[in-house]
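Residue numbers (UniProt numbering), protein chains in the order written: chain A, 1 to 409; chain B, 1 to 409.
Here the structure comes first, spelled out in C-alpha cells, and everything after it is commentary.
Below, the structure is given as C-alpha cells:
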C-alpha cells in the first residue's frame, strides 16, 4: 500500500474546503489525506470584526475541526507548521517534528502587515485570528471599566482609533458603532465622551466600491458617530494614541486613544517566505492551476497565493470567496493531478462583494453590476455567510452555526 | 412653612431604607426629606463579589434610585458629598454647593483600608463599589484574552491573588472558583494554568464562623482549585505579583499574578474624618440612639458608625444586616427625634450570617445557633438577599431584582 500522501496546511477557508471536498473526489485507496492546523478549531475569518467589537460571542464564529471533517478519511494533526522543506517533500511541525508528503496544499492564512510604522507592532491590536479579536474586545471593555475608577479622568482612554478603511476596517467600524452605545449604557458613560476615528491613507474608504455606495457607508457610519480621516496615514503609534498626517506632508496631528486597532494591511504567512519560496508580500505567484512554479506537487491557495487576473495581469485580492473557489477547483482536479494529467486553468468567478456596516446595514455589489445597500445588502451578507457553511458542512452546520434565523437560537 | 429639613447622605442600604421608610413615619408636612448620592443608582453592596467575578451582570445588582423612592416625598440630588460642616448645619456638595439641614443622616459607605502596604493602593483592585468590581471582572478577562497573543507566554498573568479571607474575600473566591473554568473554556486555557491564591493574615479564614463550617468552606474551595495561604500577610504588591510572608518573619515568598484583588480591610468614608468628627478607622462611635456625641441632630448609620455591643463593649462589625436595622430603627423614631422626645436605645438583633461559596453552596449560622452548609445555606442566602428587596421596594422589586427564581428571568 503506497498511497500518495496529501498534506493540507491550515484549516481556514481553503484548508477546510479542501479537507472536506477532496475525499469526495478520491476513493479511500487513492490517497491518504492529512490536515494540519495550530488550533483544534476552524473559525470564520470573515466574521472576525464581530467578536472583535463584541457583537458576536467568539464561540459562535468557530467550530471544532473534528465536527466537520470526515475523520475516517482525513487525519487531523493539531500542531503548528514551522517550515516547509520544499526540496525534501517534508514539512516541519513544532511538536510532531517532520511529516512527509507527496502532494502539499499550502492553505496558510494571512498576517497583519505593519509596513514598519513606528510603534504599531507593539501597541496596535489586529484583526487576525480568534485570539487577537478576543483581546480587542476585552481591551475595549477593560478601558471602559477603568474609566470611573481613575483618580484623574483620562477621557482619551475611551477613544478607539481604527487604522485602515478597507473591508475589515469598515466592517469593524460598523460593529463598533453598534457596540459603543451598549458599552456606554453598561458602564455609565456618555456616548459623547467616546471618539471612534478611522484613519485611511487613500482619499476614500472601500476603494473596491462605487462612489455612491461609499458615500452611503460614510454617511451611515458618521451618523453613528464614526469620524473619518481619509487621506491620512498613521505615522507613529504612541503609548496614548497615534500621530497622523498626510503622506507627503510634515504636518502632523495627534489623536489620543486607549485602543488602537490596525486593519491597514495584510500579507501572506511568514512561513512561506521563511521556507524559501519567492514571494511578494508573503505571497507566491502561482501557475494557472495554482501550483508553485517549479514544484508540481505543491499547490498554494488562499492568502498566500497571488492569482493573476488575466484581464489586468494584477493579482486578485485575497478574499474568502476566491479561496473557497480555489479549494473547490483543486478538489475537483486532484485526481487528475495525482495521475499527472493536465487540468483546466483556474477561473475566478466574481459573485460580488458585500461589506457589512453593522447590524441590519451593508453595501454590496453582486453579479458585477447590481448594487445593494441597507437591509437588502445585510440580508445578502447573511446568505453569503450561510452559503459557505452549507458548502462546508451541509444543512446541519448551516443551521447550527449560520446567521439566518432559520432556527431559534 | 418652616418644615425641618432632613438630609440623608448616601444611598446604600442605610440611606435607601431611611429614604423609603421615613416618609411612612412622617406626614408630608412634618419634614422635607432630601437624599444625596453620587450615582443615580443604588446597588447591592453584599452582592459585589458576583459582578466582580463575572458570575452576575453588574446591572442585576443595581437599580435606579428614582424607581425605588417616592419622589413626591423625597428630593433626590445626584451629587458627591465633599464635606460636612457640622457646626453650621451644612453639607458641601461637589456640583450643587452648600445644602442646609436641620437633621442629618450620614449613611456614607465604606472604603478599602490598605494599611500602608507598599504598592497595594496602586496595584490592587478592590471590591468597593459597582465601578471597582466591573474593572475587576474586565481586568481578569483581559488577562485571559491576552494570554494566547503573547510572544513569550507569561503564565503568571492568569494567576489571581485575593488578599483577605474575610467575608468578602471568601465570597469572591467562591464565585471565582465557578467562573475560572468558564473562562478557561472561553479562552482555550487549561484550568491547571490558572492559580487562585488567598492570602489571609489570621490562622484561618472567616473567623466569625465555627471551625467545622470553616473547614467545610476551605475543603469546598480547595476542591475547586483555590489555594489558601493562611497566617500570611501581603508585605508588598509589585508589578507582577505579591510578596507574602508570616507577620513576624523575615522570610518571604513571591506569588506572581496578573490580578491582585484586595479585600483585607475596610474603613469608614474619609469624608467623615475630613469633616472633623472623632473617628476610629473612619468610624464615629455613636450614642445608643445612633447620634454623634455632642451633635443631637446628626445620626450616623452603616459603615461609618461604631455601634458598641453592650455585652462585649466592642463595636459590632459593620454589615448590611446591622445597617438595615439601624435605618429601620431610625425611621421608626424619627418623629420623636424631631419633637425632641427621648427614644429607646438601638438594639441589634443578630439574625445570623450566611457566606456564599459560589453557586449553590454556602455556610451559615442563623438565630445564633443553627448551622447550615451546602444547598440549604445557599437557599437561605438568597432568601436574605430577597428579603431586603422586599423590605426596600415591596414584592415588585423583589420579583424584578431578586435572586429566587419566582419568575423566569
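Virtual Cβ for every residue (Gly too), placed ideally from N, Cα, C.
Please read these numbers as outputs of a predicted model, since none were measured by experiment.
As assigned by DSSP and simplified to three states, the class of residue i
i, result
"residue 116 of chain A", "coil"
"residue 291 of chain A", "strand"
"residue 424 of chain B", "Only positions 1 to 409 of chain B appear in the structure, and residue 424 of chain B is not among them; the question remains open."
"residue 308 of chain A", "strand"
"residue 401 of chain B", "helix"
"residue 344 of chain B", "coil"
"residue 60 of chain B", "helix"
"residue 42 of chain B", "strand"
"residue 98 of chain A", "strand"
"residue 28 of chain A", "coil"
"residue 330 of chain A", "helix"
"residue 395 of chain B", "helix"
"residue 122 of chain B", "helix"
"residue 285 of chain B", "strand"
"residue 322 of chain B", "helix"
"residue 407 of chain A", "Legend: pLDDT at residue 407 of chain A = 48, less than 50; position of this residue unreliable, value from coordinates given subsequently. Here residue 407 of chain A sits in coil by DSSP."
"residue 390 of chain B", "helix"
"residue 190 of chain B", "coil"
"residue 338 of chain A", "helix"
"residue 206 of chain B", "coil"
"residue 157 of chain B", "helix"
"residue 70 of chain A", "coil"
"residue 109 of chain B", "coil"
"residue 302 of chain B", "helix"
"residue 33 of chain A", "strand"
Contact set between residue i and chain A, taken where Cβ atoms lie within less than 8 Å
i, result
"residue 295 of chain B", "Near residue 295 of chain B there are no residues of chain A at all, since even the closest Cβ is about 31 Å away, more than 8 Å."
"residue 132 of chain B", "149"
Run of the beta strand (DSSP E) containing residue i, from where it starts to where it stops
i, result
"residue 178 of chain A", "Unbroken run through residue 178 of chain A is the alpha helix (DSSP H), 167-186; no beta strand (DSSP E)."
"residue 198 of chain A", "196-200"
"residue 355 of chain A", "352-356"
"residue 21 of chain B", "Taken as a continuous stretch (DSSP letters only), residue 21 of chain B belongs to no beta strand (DSSP E), being part of the alpha helix (DSSP H) at 13-25."
"residue 78 of chain B", "74-78"
"residue 84 of chain B", "81-85"
"residue 370 of chain A", "370-373"
"residue 8 of chain A", "5-9"
"residue 105 of chain B", "103-106"
"residue 90 of chain A", "90-93"
Partners in chain B for residue i, counting only beta-carbon separations shorter than 9 Å
i, result
"residue 139 of chain A", "142, 145, 146"
Where the alpha helix (DSSP H) containing residue i begins and where it ends
i, result
"residue 144 of chain B", "130-147"
"residue 362 of chain B", "Here residue 362 of chain B belongs to no alpha helix (DSSP H); instead the beta strand (DSSP E) covers 362-366."
"residue 50 of chain B", "49-53"
Proximal chain B residues relative to residue i, where beta-carbon distance stays under 7 Å
i, result
"residue 187 of chain A", "134"
### Query
Name the residues in the region 145-173 of chain A whose C-beta lies less than 7 Å from a C-beta of chain B; which are they?
Sequence-ordered contacts of the region 145-173 of chain A with chain B read 145, 146, 148, 149 [C-beta pairs closer than 7 Å].
### Query
At which residue ranges does the region 208-282 of chain B contain complete alpha helix (DSSP H) runs of 4 or more residues, listed in the order of the chain?
List check, alpha helix (DSSP H) in window: 211-223, 270-274.
### Task
Check each residue of the region 353-367 of chain B: if its Cβ is closer than 9 Å to any Cβ of chain A, include it; give the result in chain order.
So the list is empty, because no residue satisfies the distance condition.
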